[in-house]
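A quick write-up on the structure given underneath.
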Amino acid sequence: MTSILILAFAAATSLAGAADFDLVVRNARILDGTGNPWFLADIGVRDGRVAVIGNLNGKAATRTIDARGRIAAPGFIDVHTHVEGGVEKVPRGDNYLLDGVTTVVTGNCGGSKLPLADWFAELEKTGIGLNVASLIGHNTVRSQVMGRANRLATADEITKMEALVEQGMKDGAVGFSTGLIYIPGTYSNTDEVVALAKVSGRYNGSYASHMRDEGAQVLEAITEAVTAGRAGNARVQLSHFKIDNRKLWGASTKSLALVEKFRAEGVDVVIDQYPYDHSSTNLGITLPSWALADGAEAIAERLKSAETRKRIATEMEKRLNDLGQPDYSYAIVANFRPDPSYEGKNISEINLLKGRPKTIANEIETILDIMTAGGAQMVYHSMGEEDVDRIMKYPHTAVASDGGVRVFGEGMPHPRSYGTNARVLAEYVRKRKILTLEDAVRRMTSLPARTFALRDRGMLREGSAADILIFDPDKVQDKATFQQPHQYSEGFDFVLVNGTVMVEDGKLTDARGGRVLRHRAVQ
Numbered sequence: 161m162t163s164i165l166i167l168a169f170a171a172a173t174s175l176a177g178a179a180d181f182d183l184v185v186r187n188a189r190i191l192d193g194t195g196n197p198w199f200l201a202d203i204g205v206r207d208g209r210v211a212v213i214g215n216l217n218g219k220a221a222t223r224t225i226d227a228r229g230r231i232a233a234p235g236f237i238d239v240h241t242h243v244e245g246g247v248e249k250v251p252r253g254d255n256y257l258l259d260g261v262t263t264v265v266t267g268n269c270g271g272s273k274l275p276l277a278d279w280f281a282e283l284e285k286t287g288i289g290l291n292v293a294s295l296i297g298h299n300t301v302r303s304q305v306m307g308r309a310n311r312l313a314t315a316d317e318i319t320k321m322e323a324l325v326e327q328g329m330k331d332g333a334v335g336f337s338t339g340l341i342y343i344p345g346t347y348s349n350t351d352e353v354v355a356l357a358k359v360s361g362r363y364n365g366s367y368a369s370h371m372r373d374e375g376a377q378v379l380e381a382i383t384e385a386v387t388a389g390r391a392g393n394a395r396v397q398l399s400h401f402k403i404d405n406r407k408l409w410g411a412s413t414k415s416l417a418l419v420e421k422f423r424a425e426g427v428d429v430v431i432d433q434y435p436y437d438h439s440s441t442n443l444g445i446t447l448p449s450w451a452l453a454d455g456a457e458a459i460a461e462r463l464k465s466a467e468t469r470k471r472i473a474t475e476m477e478k479r480l481n482d483l484g485q486p487d488y489s490y491a492i493v494a495n496f497r498p499d500p501s502y503e504g505k506n507i508s509e510i511n512l513l514k515g516r517p518k519t520i521a522n523e524i525e526t527i528l529d530i531m532t533a534g535g536a537q538m539v540y541h542s543m544g545e546e547d548v549d550r551i552m553k554y555p556h557t558a559v560a561s562d563g564g565v566r567v568f569g570e571g572m573p574h575p576r577s578y579g580t581n582a583r584v585l586a587e588y589v590r591k592r593k594i595l596t597l598e599d600a601v602r603r604m605t606s607l608p609a610r611t612f613a614l615r616d617r618g619m620l621r622e623g624s625a626a627d628i629l630i631f632d633p634d635k636v637q638d639k640a641t642f643q644q645p646h647q648y649s650e651g652f653d654f655v656l657v658n659g660t661v662m663v664e665d666g667k668l669t670d671a672r673g674g675r676v677l678r679h680r681a682v683q
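Under the numbering used here, the first residue of the sequence shown is numbered 161, with each subsequent residue one higher.
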């Protein structure tokens, strides 16, 4: 009996050892992420990496996937996300995986976890479905040192912020981010941003900026961002590039020309974009920045003062006019915990529901009421399709969602969290032919990988991480809409993350193939 068991074990060991690869993808049209045309080949995966690309006839594998002539591409890299708070609830990252995303860069717009090392450890303990990289955020760092104070930083405070950014880089951040329309980063000056960008640059990190303005002062904002990146010797990523002022729709000709001018001068500056004409952020941006200083209690006190409230309302009405918006119907509530019935309705509609006549003054009062109750997450129809298309055509534009990991069915979020990449392939490649398939894949893979120094991601090549998509480009389709955002994309048949099958025949598996991607902080 013992000898039989030994023979059985030896036979099993021999069979296991006979496999050349853990997994083989056969008969694939490979788009390698460089922008080159596809070529026919097989892909052999071993130990989570692409071991061989070529003709693997006669080679054995523990598992085989027949691509049947479908596209095999690198997993998409979303360079602009906000997964903090969401990935802890849905660690598999369902909405991103079903949209073809295998790696996200978070910590954008100046907001990140701190300390990063602790958060990374928590994710690794939980287990994640996506690869997660993070920036270190300016607003987070400034809040740690100065709170929400509306003033310039002292030399000592900048030194303390530099130390926090440096620790973030040592913990594995891929760079430094700013959100210069948000509190408290909006109270900083360019010198402060430059000082912190220099820290990122010393560690070969990038500088990603939600710029100080995306409308009337967009050219000045681009210049400030490039100034910080150039001074810090850091690659510059201009986040969710747009023109968000209705009066200035069409001005992307000037903003793109300025980016190209800086590139001609030798500055490594690129941009990213989500493929929608609606943006999404908090309701607080409709108020003057001074009114948001020093935290929730201070805001509440200001709103109690009739004189201060009137001053805030006056500035809000002026800003609305400056944006070219006739009223607040362009501002739609995405998430409002005190009263979920507001979700999906715009401010003009909510104002009428409250029994107030349709006037700008009353709509401002409705906004201030919502702010008093804690604020809301919003969707804004602020962009023109002409600019969206023009920015999409610019060759140095990466595709990014500016979304997060979503709990299915919760709130009325922007559909970009569910459908960004599928929408590019369905709308801008297949339907409208604004991009070629090869170039669209490049913008989702190798372009973002080079900006954030993800050296073994973004291209299908021997030795790279086995983040692989298999899909039919004629069938990929985004389903999420503004009215029904909680709909997964369709058409990504297989999604592999580090060689682990996370999506099989279009359905999620229970695996956890993701990793925390720590930047190699080399000085």
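Beta carbons: idealized from backbone N, C-alpha and C, even for Gly.
Annotation for residue 443: 527, 530, 531, 535, 536, 538 place their beta carbon closer than 7 Å to its own, counting only its chain and skipping 5 residues before and after. Of the other Cβ atoms in all chains shown, 16 or more fall within 10 Å of the Cβ of residue 402; this residue is therefore buried. Taking a 10 Å sphere around the C-beta of residue 581, we find 16 or more other C-beta atoms and assign the residue as buried. The alpha carbon of residue 488 has as its nearest neighbour, out of 366, 518, 428, the alpha carbon of 518.
A direct Cα-to-Cα measurement between residue 260 and residue 337 gives close to 25 Å. Note on geometry: alpha-carbon atoms of residue 655 and residue 447 lie some 42 Å from one another. Cβ neighbours of residue 361 within its own chain (closer than 6 Å, five residues either side excluded): 392, 393, 394.
Rounded to the nearest angstrom, the gap between the Cα atoms of residue 470 and residue 377 is 26 Å. The residue among 440, 515, 225 with its C-alpha nearest the C-alpha of residue 665 is 225. Of the candidates 406, 280, 286, the residue whose Cα lies closest to the Cα of residue 479 is 406. Rounded to whole angstroms, residue 196 and residue 227 show a C-alpha spacing of 19 Å.
By the Cβ rule, the segment 553–568 counts as touching the segment 240–250, because three or more pairs are nearer than 8 Å. Beyond the five residues adjoining it in sequence on each side, residue 509 comes within less than 8 Å, by CB distance, of 489 in the same chain, given in chain order. Apart from the 5 residues on each side of it in sequence, residue 455 sits with its Cβ closer than 6 Å to the Cβ of 308 in its chain, given in chain order. Only residues of its own chain outside the window of five on either side were considered, and among them 243, 247, 261, 264, 288, 289, 290, 565, 674 have a CB closer than 8 Å to the CB of residue 253, listed in chain order. If you look at residue 187, you'll find it in the beta strand (DSSP E) that goes 181–190. Where residue 397 is concerned, there is no enclosing alpha helix (DSSP H), although the beta strand (DSSP E) around it starts and stops at 395–398. Counted as a single uninterrupted DSSP element, the stretch harbouring residue 485 is not any alpha helix (DSSP H), since DSSP gives it neither H nor E. For residue 302, the closest C-alpha among the options 464, 453, 623, 520 is that of 453.
Restricting attention to 411, 676, 375, 418, the CA atom closest to the CA of residue 482 is found in 375. Sequence-distant Cβ neighbours of residue 179 in its own chain, meaning closer than 8 Å and more than five residues away, are 220, 221, 222. Sequence-distant Cβ neighbours of residue 380 in its own chain, meaning closer than 8 Å and more than five residues away, are 372, 373. By the neighbour-count criterion, in which a residue is buried when 16 or more other Cβ atoms sit within 10 angstroms of its Cβ, residue 634 is exposed. Annotation: residue 404 to residue 551 spans about 13 Å, alpha carbon to alpha carbon. Assignment of alpha helix (DSSP H) within the segment 595–646, counting only whole runs of 4 or more residues, yields 597–604, 606–611 in chain order. Residue 578 is positioned such that its CB atom lies no closer than 8 Å to that of residue 637. Using a Cβ distance threshold of 8 Å, residue 192 and residue 621 count as a contacting pair. The C-alpha of residue 493 lies about 10 Å from the C-alpha of residue 441. Cβ-Cβ separation between residue 439 and residue 543: approximately 7 Å, consistent with a contact (criterion under 8 Å). Under DSSP, residue 338 takes part in a beta bridge, and its partners are 369. Of 413, 598, 477, 651, the smallest CA-CA separation from residue 546 is found for 413. As summarised for the segment 212–298, the continuous alpha helix (DSSP H) elements at least 4 residues long and confined to that stretch are 254–257, 276–286, given in chain order. A straight-line Cα-Cα distance of about 29 Å links residue 203 and residue 587. Under the DSSP definition of a beta bridge, residue 538 partners with 441, 493. Here the segment 232–239 lies against the segment 591–611, with 3 or more beta-carbon pairs under 8 Å apart.
By the CB criterion at 8 Å, residue 201 and residue 181 fall outside the cutoff.
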